[in-house]
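Line by line, the protein sequences are chains A and B. Quick note: to get the working numbering, add 125 to the position in the first sequence (first position is 1). Quick note: to get the working numbering, add 125 to the position in the second sequence (first position is 1). What follows is a set of notes on a single structure, which appears directly below.
Number of protein chains: 2
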Amino acid sequence: MAQESYKDKKVITIGIVRELTGLSERQIRYYEERKLIFPERTAGGSRKYSFSDIELLMDIAEKIEDGVQTYEIRQEMIKDKKKAEEARLRKKMIQGQLNAQFGVRKI
Amino acid sequence: MAQESYKDKKVITIGIVRELTGLSERQIRYYEERKLIFPERTAGGSRKYSFSDIELLMDIAEKIEDGVQTYEIRQEMIKDKKKAEEARLRKKMIQGQLNAQFGVRKI
DNA sequence: ACAACGATGTTAGAAAACCTTACATAAAAA
DNA sequence: TTTTTATGTAAGGTTTTCTAACATCGTTGT
């Protein structure tokens, strides 16, 4: 469980992210400052991104081009995360009920 | 087709590979010298590895610990690649035959 | 209209990461 | 026993990344 796949592992340095996204390092760091993205750090302090981060950055860039401000993008992201969490909970509850009815008994 | 997924994209620098594999940079570069692994390079000359490379490095490390020499590992790899290529060809041929018999006609 | 903010560029200096080459060494192979 | 293999380490140089600061220009708020 908790599928930690390649896609989410933070292993890519900012230079590569620049190449892959076409964004400037300035932009990438700025979006972090605006709390849109959360790289990890090496021991020495260098940023490390995942492929997911790269996809997210490209989504962000698109919205920015469409005139959306970082603040609004952030609000959207928070809203989306809440929705995802609710969905997760609902799913879990239904699972729980199913298990109660039909699951393996421990006695 | 030609599934270029995250797993095969060369985006990871040697320091991260060191952390992920537990190997020293010396070892990682040496295995390249012995033609066991083929990182790409940035414009400036830094090595870039994929997750596949990392898996391969860990396999290599295991064999080395078991006393297998790099030269032998290389021979195995060449042999394996040949086999994979043969299998690919066989599959393709069978596909071709199936298409000839039952495939969509263009007339 | 004008001040404040937002997004980005650029510069500078420092630190981290990476590169190649060379020399050293211990164990294994020839 | 000589050679090769695998690895460590050091030196010196280049690339990459970092933060902080200042500049610019378009947009927003008053």
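We treat Cβ as the ideally placed atom computed from N, Cα and C, and that holds for glycine.
Where DSSP assigns a beta bridge to A/TYR174, which residues make up the other side?
A/ILE137
Just mark A/LEU214 as buried or exposed, buried being the case when its beta carbon has 16 or more other beta carbons within 10 Å.
exposed
If B/THR138 and B/MET183 are in contact, beta carbons under 8 Å, what's the gap, nearest whole angstrom?
Contact flag wrong, Cβ pair sits at about 17 Å.
Give the straight-line distance between the Cα atoms of B/ILE203 and B/PHE227, rounded to the nearest whole angstrom.
36 Å
Could you check where the alpha helix (DSSP H) with B/THR195 kicks off and where it finishes?
195-227
Close beta carbons around B/GLN152, own chain, < 8 Å, minus the five adjacent residues each side
ALA186
Contact residues within the stretch 127-138 of chain A, judged by C-beta distance below 7 Å to chain B
TYR131, LYS132, VAL136, ILE137, THR138
Could you tell me how far apart the beta carbons of A/ILE198 and A/ASP178 are, in whole angstroms, since I believe they sit closer than 8 Å?
14 Å between Cβ atoms; not a contact.
In this structure, how does DSSP classify B/GLU129 when only helix, strand and coil are distinguished?
coil
Using beta-carbon positions only, say whether B/ARG172 and B/ARG159 come within less than 9 Å of one another.
no
Taking Cβ-Cβ distances shorter than 7 Å, what residues in chain B pair up with A/PHE163?
Near A/PHE163 there are no residues of chain B at all, since even the closest Cβ is about 18 Å away, more than 7 Å.
Nearest to B/VAL190 by CA position, among B/GLU157, B/SER130, B/LEU148, is which residue?
A small correction: the amino acid at residue 190 of chain B is Glu; Val does not occupy that position in the sequence shown. Selected option, being the one with the closest Cα: B/LEU148.
Neighbour list for A/THR167 in chain B, Cβ cutoff strictly below 9 Å:
GLY140, ILE141, GLU144
What are the boundary residues of the alpha helix (DSSP H) that A/ILE234 is part of?
This structure does not reach residue 234 of chain A, given that chain A is present from 126 up to 232, and the question cannot be answered.
So, for B/GLU150: in the same chain, excluding its five sequence neighbours on each side, which residues have a beta-carbon less than 7 Å away from its beta-carbon?
ILE139, ARG143
Could you list which residues in chain B have their beta carbon closer than 9 Å to that of A/PHE176, in chain order?
TYR131, LYS134, VAL136
Where does B/VAL247 land, buried or exposed, given buried means 16+ other C-beta within 10 angstroms?
Any answer about residue 247 of chain B is impossible in this case: the structure gives chain B only from 126 up to 232.
When B/SER175, B/SER130, B/VAL136 are compared against B/ALA168, the one with the closest alpha-carbon
B/VAL136
List the residues that DSSP assigns as beta-bridge partners of A/GLU165.
A/LYS173
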